[in-house]
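Input: a single structure, listed below in structure tokens.
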């Protein structure tokens with residue numbers, strides 16, 4: 663499909679035909695598109711773990727039972743922020759590797775990984791397939807890292823289940839443009855826009871949503887964030903305790 667049409671038609675799929683097998687050609691097209699994503703200074707500070715092994719995927723589902731599609735999809739990709747490669751470069755040139763002195767290198771690597779992930783989503787849909795992004799792999803970040811044998815300086819960002827959808831999904835409404843798009847400077851807006859979106863999503867009536875959009879995020883950010891990520895970043899040399 664036309665790229666603009668693909669992006670306009672985006673929807674998330676969580677149910678896949680377990681009999682369908684992604685061809686090697688399809689997989690390579692998705693990976694090639696992903697690898698062609700823009701990156702800061704062409705640093706490409708990410709890696710993609712292609713998880714085909716069903717035992718590994720079953721262990722992931724055991725950790726994350728709310729996402730059985732990790733096992734039932736054709737393939738599961740894990741996108742990681744990868745600063746190991748640049749550490750190897752620093753060692754080769756015998757220079758200091760000061761990424762633990764601030765957060766900007768980590769933000770750069772996470773951005774690179776996210777851009778590669780989005781390219782994979784668009785390529786998947788252009789091939790007539792479906793996908794779902796899985797950010798909850800960070801909930802068990804140590805276990806996922808051990809399963810995938812990730813070295814230090816590598817941070818799991820999100821997974822991507824890819825397959826042939828077995829249940830059709832509707833295109834989910836987005837926030838009003840005036841609450842998201844700003845011209846020249848950030849423009850404040852009335853809370854009514856959020857209330858209107860709550861009503862829009864209530865009418866959309868997605869079965870898995872049990873709260874208003876606003877209440878879901880008020881509850882989410884009203885709790886302590888996932889401290890496992892903080893500890894993982896310290897243990898894997900992304901930043902020091904003082905940051």
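In the working numbering, the protein residues as written are 663 to 905.
Glycine residues also receive a C-beta, built at the ideal position from the N, C-alpha and C atoms.
Between the segment 821–830 and the segment 781–796, the count of C-beta pairs closer than 8 Å reaches three or more; the two stretches touch.
Bounds of the beta strand (DSSP E) holding residue 744 are 737–744. Residue nearest to residue 771 within the set 841, 851 and 708 is 708 (criterion: CA-CA distance).
Within the same chain, 677 come within 6 Å of residue 829 by CB-CB distance, once the 5 residues on both sides are set aside. Residue state for residue 793 is assigned as strand, using DSSP reduced to three classes. With a cutoff of 8 Å on beta-carbon distance, residue 859 and residue 837 are scored as near each other. Between residue 723 and residue 732, the C-beta spacing is below 8 Å. Measuring C-alpha to C-alpha distances from residue 729 to each of 890, 808 and 799 identifies 799 as the nearest.
The DSSP assignment places complete alpha helix (DSSP H) segments of no fewer than 4 residues inside the segment 746–820 at 746–755, 766–788 and 803–809, in order along the chain. In the three-state reduction of the DSSP assignment, residue 684 falls in the coil class. Taking residue 672 as reference, the option from 893, 882 and 780 with the minimal CA-CA separation is 780. Contact check between the segment 845–854 and the segment 692–702: fewer than three CB pairs, one atom from each, fall below 8 Å, which does not count as touching. One thing to note: residue 689 has its Cβ no nearer than 8 Å to the Cβ of residue 742. For the pair residue 740 and residue 712, the Cα-to-Cα distance works out to about 7 Å. Here residue 898 is buried: its Cβ has 16 or more other Cβ atoms, across all protein chains shown, within 10 Å.
By the neighbour-count definition (other C-beta atoms within 10 Å, threshold 16), residue 886 is an exposed residue.
The C-alpha of residue 668 lies about 15 Å from the C-alpha of residue 831. Judged by beta-carbon spacing, residue 718 lies within the 8 Å limit of residue 809, meaning their Cβ atoms are closer than that value.
Here residue 767 is buried. Its C-beta has 16 or more other C-beta atoms within 10 Å. According to the DSSP assignment, residue 732 belongs to the alpha helix (DSSP H) that extends over 731–734. Where residue 709 is concerned, the enclosing beta strand (DSSP E) starts and stops at 708–713. Taking every protein chain shown into account, the CB of residue 751 has fewer than 16 other CB atoms within 10 angstroms, so this residue is exposed. In the structure shown, residue 696 falls within a helical segment according to DSSP collapsed to helix, strand and coil.
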